[in-house]
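In the numbering used here, the protein residues as written are 4 to 488.
In structure tokens:
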């Protein structure tokens, strides 16, 4: 099997991907149908009402995600995902019945959107962490890339399918169909062979474990940098539904059909970016920072597009940059985090990735209304470039990096000017920032050694020393992929 699709050789992962495509398609169908219902049937084409529903869906990611991450470390992740999908299916069926019987009101959508958002916020950390149980660590970046590919294929299928169903039989039947479709991933999870999953030792109950997860992230400057970059780019740059709508209608004078086509065109680049990410064997911090910078550059060009078709074409590389950034960041955080902390760290990552949307979107919308639609894109572009440059400068100073010309390779390379090993860097970072030990192999089911947080800029996947206070050679870096005994 080719390098890009090597995780599909795993039977459990194949079942997971099938379920993921169906679940993601249902999610996109639900979003389109729900917005259409609110806009055309439950309000007088009120964008404010649609915004309220969107905010209620994303608010739980801010409120509940830290506790959801703790649950992902303590509980059976497969069962958590399964239960949340059952809840989501029931909510879709309830809304479908309300619409079909003609009794649906806007407050019904408010309540169901908030409950559905709560289920999604609980599911998200468990879903992301569960991927690490399906495949070994050396295949995790590939699995995350294929996961993103499945999601973006669903982004092409879901909205179009929802539109067809709405035209044929009405909005209510879309929700009913979603409830039925979500039974497919529930079934796929049920038939996954639990005996072949990677070991996951559940975290024992104790006080202060959420704070402990936050302290761990604070002690990891590499992970903290990723989260800062994602916070800025997600909050101000990843507002495509809003910015594309404003550009299509206000700048180019297009209708709903042309606006809808932009999402599918961008998805072409997104799928390409996800497949390229699936080919990378080791996630690198420099990939995250460079992707953020290129995202800003491409979005800057997008904001200056003179015509609709130039805007549409530039959306393709923007989708590629977006998925390169998001997939690399997710893979880096997962690979770099010990199993015992993975659920809580991914919860914080999810919170900054999704929780910034309801905060950044109103600001971006206000800028677009006040200064013009192009500025709604420019603010995200400029912010992304600034945070990328700031992250690169900070990393160079923190880890004493330098640029030099490699005569043998005939290219510019980044190396460490201090002469310290990566294990030395790691001991210094953890000793200065957080005087607690990483979990041992025994305490994490044999899978707890994280990627080196000392100097992860140019290399990734090397295990960190399990006790930062240990000055022996036990913390020396190993080859990528050797993190499991």
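No residue lacks a Cβ here, since even glycine has one placed at the ideal position from N, Cα and C. Small disclaimer: the values here were computed from a predicted structure and weren't measured.
Whole-angstrom distance between residue j and residue i, CA atom to CA atom
i: residue 277; j: residue 158; result: 13 Å
i: residue 352; j: residue 190; result: 28 Å
i: residue 130; j: residue 81; result: 8 Å
i: residue 279; j: residue 107; result: 44 Å
i: residue 116; j: residue 173; result: 20 Å
i: residue 180; j: residue 311; result: 34 Å
i: residue 3; j: residue 270; result: Lying outside 4 to 488, the shown extent of the chain, residue 3 is not represented and no answer is given.
i: residue 392; j: residue 299; result: 11 Å
i: residue 176; j: residue 308; result: 39 Å
i: residue 139; j: residue 13; result: 10 Å
i: residue 332; j: residue 148; result: 11 Å
i: residue 209; j: residue 215; result: 10 Å
i: residue 458; j: residue 402; result: Note that residue 458 scores 49 on pLDDT, short of 50, meaning its location in the model is unreliable; the coordinates nonetheless yield the value given after this. If you take the alpha carbons of residue 458 and residue 402, they lie about 6 Å apart.
i: residue 33; j: residue 61; result: 14 Å
i: residue 360; j: residue 288; result: 23 Å
i: residue 52; j: residue 46; result: 7 Å
i: residue 160; j: residue 399; result: 43 Å
i: residue 36; j: residue 410; result: 58 Å
i: residue 225; j: residue 86; result: 33 Å
i: residue 67; j: residue 253; result: 37 Å
i: residue 365; j: residue 58; result: 10 Å
i: residue 487; j: residue 397; result: Residue confidence is low: residue 487 scores 34 on pLDDT, short of 50, so the model does not pin down where it sits. Its coordinate-derived value is still stated next. Answer to the nearest angstrom: the Cα atoms are 32 Å apart.
i: residue 105; j: residue 49; result: 20 Å
i: residue 72; j: residue 257; result: 42 Å
i: residue 223; j: residue 229; result: 10 Å
i: residue 435; j: residue 227; result: Reliability of the predicted coordinates at residue 435 is poor, the pLDDT of 49 falling under 50, and the value obtained from them is presented with this limitation in mind. C-alpha separation (whole angstroms): 15 Å.
i: residue 383; j: residue 100; result: 40 Å
i: residue 11; j: residue 141; result: 14 Å
i: residue 38; j: residue 243; result: 16 Å
i: residue 320; j: residue 385; result: 17 Å
Residue i and residue j closer than 8 Å at C-beta
i: residue 306; j: residue 380; result: yes
i: residue 394; j: residue 292; result: yes
i: residue 337; j: residue 143; result: yes
i: residue 235; j: residue 65; result: no
i: residue 42; j: residue 112; result: no
i: residue 322; j: residue 371; result: no
i: residue 75; j: residue 334; result: no
i: residue 178; j: residue 245; result: no
i: residue 347; j: residue 213; result: yes
Of the residues the options, the one placed nearest residue i, counting alpha carbons only
i: residue 238; options: 396, 367, 200, 113; result: 367
i: residue 315; options: 262, 290, 128; result: 262
i: residue 19; options: 371, 137, 253; result: 137
i: residue 201; options: 162, 134, 246, 212; result: 134
i: residue 165; options: 112, 28, 220; result: 28
i: residue 339; options: 220, 17, 61, 47; result: 220
i: residue 114; options: 382, 56, 272, 39; result: 56
i: residue 9; options: 347, 334, 282; result: 282
i: residue 267; options: 15, 31, 195; result: 31
i: residue 17; options: 98, 77, 195; result: 195
i: residue 2; options: 69, 320, 199; result: Because the chain in this structure spans residues 4 to 488, residue 2 falls outside the shown range and cannot be described.
i: residue 231; options: 354, 347, 38, 320; result: 354
i: residue 78; options: 213, 204, 192, 325; result: 204
i: residue 328; options: 290, 126, 44, 110; result: 290
Contacts around residue i, its chain only, beta-carbon distance under 6 Å, and the 5 residues preceding and following it disregarded
i: residue 92; result: 182, 185
i: residue 188; result: 22, 25, 26, 88
i: residue 345; result: 132
i: residue 83; result: 129
i: residue 63; result: 120, 121, 124
i: residue 275; result: 323
i: residue 162; result: 31, 35
7 Å Cβ shell around residue i - same chain, five flanking residues per side excluded
i: residue 265; result: 247, 251, 315, 318
i: residue 356; result: 233, 237
i: residue 6; result: 282
Close Cβ partners of residue i (< 8 Å) along its chain, the five nearest in sequence each way excluded
i: residue 490; result: This structure does not reach residue 490, given that the chain is present from 4 up to 488, and the question cannot be answered.
i: residue 118; result: 90, 94
Near the ligand SAM: residue i beta-carbon under 7 Å from a heavy atom
i: residue 124; result: Absence of the ligand SAM from the depicted structure is noted, as is the absence of any ligand whatsoever, leaving it without description.
Quick one: any contact between the segment 168-178 and the segment 147-154, if contact means 3 or more CB pairs under 8 Å? no
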